[in-house]
Amino acid sequence: MSQVTLNGGESGFATTKIDALLGWARKYSLFQYPFITACCGMEFMALASPRFDVARFGAEAPRFSPRQSDLLWVVGTISQRQAPALRRVYE
């Protein structure tokens, strides 16, 4: 975060407030990780479209790294070969 300089050369107050606001937004946002297989990916894309608008629930942009996400979506059929990979992502 870049420093914001206020009148008189003081810095820090506005930056602190912006950091607090961003922290609050991250705390109450739901970051999702989609594990999508087969044709169910089309249904997931429809869910994320403006018609159903999952953004109003705080889950707008999916994260494509399990470390950055709070929610794991398992969309589609999971085969025996995919099960170990899904378990590894979950853990």
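Numbering-wise, the sequence shown is residues 139 to 229 according to this note's numbering. By construction, the Cβ of each residue, glycine as well, lies at the ideal position given by its N, Cα and C atoms.
| Query | Result |
| --- | --- |
| I need the DSSP call for Tyr171, collapsed to helix, strand or coil. | strand |
| What do you reckon, are the CB atoms on Thr154 and Ile216 nearer than 8 Å? | no |
| For Tyr171, which residues from the same chain have a beta carbon less than 6 Å from its beta carbon, with the 5 sequence-adjacent residues on both sides left out? | Arg201, Pro204, Ser207 and Leu210 |
| Residue range of the alpha helix (DSSP H) that Cys178 falls in? | Cys178 to Leu185 |
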